[in-house]
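Asker: Top line first, the protein sequences correspond to chains L and G. FYI, the numbering for the first sequence is 64 to 443, going by the numbering used here. FYI, the numbering for the second sequence is 21 to 316, going by the numbering used here.
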Amino acid sequence: MAQVAVPKSVFAPWDDPSKAPLIQFKNVTKRFGDFVAIDNLTIDIYEREFFALLGPSGCGKTTMMRMLAGFERPTEGQILLGGQDIDATPPNLRSVNMMFQSYALFPHLSVWENIAFGLRRQKLPKDQIDERVNEMLRLTRLSKFARRKPHQISGGQRQRVALARSLARAPKLLLLDEPLGALDKKLRQETQFELMDIQEKTATTFVIVTHDQEEAMTVASRVAVMGEGLMAQVDTPERIYEAPNSVYVADFIGDVNIIEGRATQTGDQVNITWAEGQPDIIGNSPKTTFGNGDKIHFAIRPEKVSISAEQPTDTPNAFQGTILDIAYLGNISTYYVKMPSGQTIKAQTANTRRLSRRSFTWEDKVWVSFTTTAGVCLKD
Amino acid sequence: MRRYFLISIPYLWLVGLFLVPFAIVIKISLSDTVLSIPPYAPTLDFSNGWAGIVKFFDGLDFETFEFLASDDLYWKAYLSSLKIAFIATAMTLAVGYPVAYGMTRAAPEWRPTLMMLVILPFWTSFLIRVYAWMGILGQEGLINQLLLWLGFISEPLTILNTPTAVYIGIVYTYLPFMILPIYSALEKLDDTLLEAAEDLGCSRLGAFWLVTWPLSRNGIIAGSFLVFIPTLGEFVIPSLLGGSQTLMIGKVLWEEFFSNRDWPVASAVAVILLLILIIPIVLFQRNEQKQREAEG
């Protein structure tokens with residue numbers, strides 16, 4: 064019998080109607096006085112997910128996390144953990160642990176005692192505590208520092224102690240509040256992969272709060288982009304990036320050109336009238352339908368815009384402009400191309416050649432072009 | 021050069037205002053009582069040259085210290101002072117800690133006002149405040165009048181001139197010294213530590229015992245020493261509020277000096293008091309240093 068190669072199943076419990084979510088927010092609203100921090104929010108988070116709450120500061124992401132930990136209670140609505148309403152359960156009785164942004168390590172206790180703190184509260188026998196703490200120390204590569212006090216170790220090590228401490232009780236759900244915010248960029252990137260690794264090894268559900276979109280994209284199985292107490296979009300990192308559902312999401316995640324215009328739709332194809340004297344942009348909108356003359360925002364990522372000296376022939380979307388500015392970032396360069404009608408379109412190219420042999424420079428007349436499916440048509 | 025000059029200032033201060041007077045006190049404690057001015061002998065006489073100095077040192081002996089050891093009044097007074105200082109410190113802590121804790125829990129805009137209220141008594145003389153307590157605690161005092169008026173008692177209570185009055189006086193007087201260091205320790209405490217403790221399975225009370233209390237330990241130790249050390253040698257409070265019943269070494273010392281005019285014995289009492297105080301003072305300094313190291 065011929066062996067059939069079974070494709071490795073993709074982790075996507077949110078697409079599987081038979082899976083019951085671990086956490087359910089049901090029409091949750093949280094008000095502080097007149098201020099609405101969370102506005103009628105409904106969302107499901109599944110077991111073993113690495114779920115990222117992403118948004119600018121003040122968008123309610125920390126409030127959501129604090130409600131899960133039990134430090135805040137929803138004003139309206141329900142939060143279910145494993146099908147149970149947890150509103151009445153105080154933080155110390157929830158199978159939820161939190162890694163604090165400031166780490167909140169107990170300064171008077173050693174690394175070992177910090178990690179053992181939660182286990183001791185469970186009144187476990189001593190040898191079990193020893194075993195579990197040592198396991199956590201190995202997992203986070205801290206065995207050498209077990210006897211040190213928090214002020215005697217580096218920031219990165221402290222971060223790992225905080226992680227070990229919050230994981231020690233094997234919670235159903237681990238909350239991470241800006242866990243990497245205090246680390247420098249290089250350490251942060253290394254730690255992101257470590258976090259993913261630990262999440263996989265421990266098979267715990269992680270909910271991470273971050274304002275760093277790169278971090279959210281790297282670690283998360285799904286990202287929730289929040290704005291002003293609302294969920295703007297909840298989706299996988301690829302779909303958030305490639306198929307944002309609103310100008311807010313497109314603009315929040317990564318770099319983007321947003322071109323405003325008027326739509327004329329025929330089938331999936333949308334013609335966008337966007338500037339005097341320029342041919343229409345030909346876009347593709349299989350899901351959203353635009354009426355004739357409707358306002359439309361065409362969002363296209365700079366790396367999907369090519370730049371060339373000659374007019375390209377393989378796409379109808381080609382427009383001539385002048386290079387206004389060049390941002391050289393080492394690995395890539397971003398060209399700001401000014402259209403005769405006034406708009407600026409950003410185009411990104413990888414710097415595969417040395418700088419001295421760069422093809423374009425300031426004030427050059429160039430063509431920017433993109434395929435008809437490269438951009439996303441958005442209503443608002 | 022400049023560095024030596026700068027550190028020489030506190031040392032000169034210490035030598036001039038502590039070591040030299042203390043050397044004089046030691047010298048008097050080794051002298052004998054005589055009926056003259058000054059009321060002790062020998063005195064240093066340089067006019068006889070070397071022989072005078074030798075004669076001076078020959079005149080010094082430990083007789084007064086032997087006398088202190090032989091009379092049980094003195095060691096009883098020391099022990100009684102230690103006991104009173106110890107109990108009074110514990111009581112001040114019991115009153116001061118909740119006050120300090122309450123201050124840190126108060127709304128931030130109220131804290132300067134509360135702090136002001138703690139410091140406010142220092143603006144009037146200590147002596148006047150102790151006299152005021154005599155008016156409050158006496159037979160005809162405010163407390164007795166109030167209790168009689170309310171009908172809780174039919175005869176006035178005797179509070180003044182008892183150890184109770186001394187404890188009330190000490191707790192009242194030294195309370196700010198307990199509150200301030202504890203407040204400063206508690207104020208530095210990060211609230212997220214308590215949330216972390218709760219998150220890891222502590223009840224509110226558990227979080228207090230496992231996090232708040234140990235982290236305010238330095239403040240507790242500092243406050244306790246700041247109360248214990250001056251209380252041990254306290255004179256004004258036991259003599260004004262304690263009457264004849266309360267035996268404290270500060271009062272004994274005063275009586276030796278001013279009633280008996282026995283300067284050598286009074287000096288010997290003072291020297292031993294200082295030796296006893298050195299232990300808590302050294303412990304206090306070590307606590308402060310450890311704290312600085314932990315913070316640095």
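Think of the CB as a built atom: it goes at the ideal place given N, C-alpha and C, for glycine as much as any other residue.
Of all the CB atoms in chain G, is at least one closer than 7 angstroms to the CB of methionine 64 of chain L?
Answerer: Confidence at methionine 64 of chain L is low in this model, with a pLDDT of 43, below 50, so its placement is unreliable and no value can be given for it.
Asker: Whole angstroms is fine: what's the gap from glutamine 317 of chain G's alpha carbon to leucine 243 of chain L's?
Answerer: The requested residue 317 of chain G does not occur in the structure, where chain G is confined to residues 21 to 316.
Asker: Starting from the N-terminal side, write out each stretch of the beta strand (DSSP E) that is 3 residues or longer and does not extend beyond the segment 123-172 of chain L.
Answerer: 139-144, 159-162
Asker: For methionine 136 of chain G, which three-state DSSP category applies?
Answerer: helix
Asker: Beta carbon of phenylalanine 304 of chain G, beta carbon of phenylalanine 255 of chain G: below 7 angstroms?
Answerer: no
Asker: Of all the CB atoms in chain L, is at least one closer than 7 angstroms to the CB of proline 250 of chain G?
Answerer: Under the 7 angstroms criterion on CB atoms, proline 250 of chain G is classed as non-interfacial with respect to chain L.
Asker: Go ahead and pull the three-state DSSP assignment for glutamate 194 of chain L.
Answerer: Reduced to three states, the DSSP call for glutamate 194 of chain L is helix.
Asker: Residues of chain G with a CB under 8 angstroms from the CB of glutamate 167 of chain L: which are they?
Answerer: The amino acid occupying residue 167 of chain L in the given sequence is alanine; glutamate does not appear at that position. Asp210, Thr212, Leu213, Glu215, Ala216, listed in chain order.
Asker: Using a 10 Å radius around the Cβ and a threshold of 16 neighbouring Cβ atoms, would you call arginine 281 of chain G buried or exposed?
Answerer: The residue is exposed, with fewer than 16 neighbouring Cβ atoms inside 10 Å.
Asker: Which residues, in chain order, does the segment 237-248 of chain G contribute to contact with chain L at a C-beta distance below 7 angstroms?
Answerer: none
Asker: Which chain L residues sit within Cβ distance under 8 angstroms of proline 234 of chain G?
Answerer: Under the 8 angstroms cutoff, chain L gives His171.
Asker: In chain order, which beta strand (DSSP E) runs of at least 3 residues are fully inside the segment 234-310 of chain L?
Answerer: 236-240, 268-273, 285-290, 293-298
Asker: Are three or more beta carbon pairs between the segment 341-354 of chain L and the segment 321-331 of chain L nearer than 8 angstroms?
Answerer: yes
Asker: Under 7 angstroms Cβ-Cβ, which residues of chain L neighbour serine 223 of chain G?
Answerer: Asn155
Asker: Would a C-beta distance cut-off of 7 angstroms place glycine 243 of chain G and methionine 198 of chain G closer than the cut-off?
Answerer: yes
Asker: If you measure beta-carbon to beta-carbon, which residues of the segment 170-189 of chain L are closer than 9 angstroms to chain G?
Answerer: Flagged, chain order: Pro170, His171, Leu172, Phe180, Gly181, Leu182, Arg183, Arg184, Gln185.
Asker: Taking Cβ to Cβ, would you say serine 287 of chain G is nearer than 7 angstroms to valine 45 of chain G?
Answerer: yes
Asker: Given a cut-off of 7 angstroms on the beta-carbon distance, is the pair methionine 162 of chain L and serine 229 of chain L in contact?
Answerer: yes
Asker: Leaving out the 5 sequence neighbours to the left and right, which residues in its chain are closer than 7 angstroms to isoleucine 257 of chain G when beta-carbon positions are compared?
Answerer: Val150, Val186, Gly189, Ile190, Thr193
Asker: Which residues, in order along the segment 120-144 of chain L, keep a beta-carbon less than 7 angstroms from a beta-carbon of chain G?
Answerer: Ala132, Phe134
Asker: Give a yes or no on whether the minimum CB-CB distance between phenylalanine 163 of chain L and chain G is below 7 angstroms.
Answerer: yes
Asker: List the residues of chain L whose Cβ lies closer than 7 angstroms to the Cβ of valine 231 of chain G, in chain order.
Answerer: Phe169
Asker: What do you get for threonine 124 of chain G, buried or exposed, if any count of 16 or more other CB atoms within 10 angstroms of its CB means buried?
Answerer: buried
Asker: Does any residue of chain G have a CB that is nearer than 7 angstroms to the CB of asparagine 160 of chain L?
Answerer: yes
Asker: Under a three-way DSSP split, which group does asparagine 380 of chain L fall into?
Answerer: strand
Asker: Contact between the segment 78-89 of chain L and the segment 136-156 of chain L is defined here as three or more beta-carbon pairs at a separation below 8 angstroms; is this criterion met?
Answerer: Contact holds: three or more Cβ-Cβ distances are below 8 angstroms.
Asker: Mind pulling the chain L residues with CB within less than 9 angstroms of leucine 206 of chain G?
Answerer: Going along chain L, no residue has its Cβ under 9 angstroms from leucine 206 of chain G, so there is no contact; the nearest lies around 14 angstroms.
Asker: Is it the case that the Cβ atoms of leucine 180 of chain G and glycine 158 of chain G are separated by a distance below 7 angstroms?
Answerer: Yes, they are a contact pair.
Asker: So what does DSSP say about lysine 358 of chain L, is it helix, strand or coil?
Answerer: Strand at lysine 358 of chain L.
Asker: Identify whether isoleucine 335 of chain L lies in helix, strand or coil by the three-state DSSP scheme.
Answerer: strand
Asker: Evaluate valine 130 of chain G with the Cβ neighbour count: other Cβ atoms within 10 Å of its Cβ, from every protein chain shown; 16 or more gives buried, anything less gives exposed.
Answerer: For clarity, residue 130 of chain G is tryptophan in the given sequence; the question names valine instead. Classification of tryptophan 130 of chain G: exposed, given that the 10 Å Cβ count is below 16.
Asker: Do leucine 55 of chain G and leucine 80 of chain G have their CB atoms nearer than 7 angstroms?
Answerer: No, Cβ-Cβ distance for leucine 55 of chain G and leucine 80 of chain G is not below 7 angstroms.
Asker: By the 10 Å Cβ neighbour count, where 16 or more other Cβ atoms means buried, how is isoleucine 298 of chain G classified, buried or exposed?
Answerer: exposed
Asker: Could you give the distance in angstroms between the alpha-carbon of asparagine 336 of chain G and the alpha-carbon of valine 74 of chain G?
Answerer: With chain G covering only 21 through 316, there is no way to say anything about residue 336 of chain G.
Asker: For glycine 116 of chain G, which residues from the same chain have a beta carbon less than 8 angstroms from its beta carbon, with the 5 sequence-adjacent residues on both sides left out?
Answerer: Leu195, Met198, Ile199, Ile202, Gly243
Asker: Compare the C-beta of aspartate 78 of chain G against all C-beta atoms of chain L and say whether one is closer than 7 angstroms.
Answerer: no
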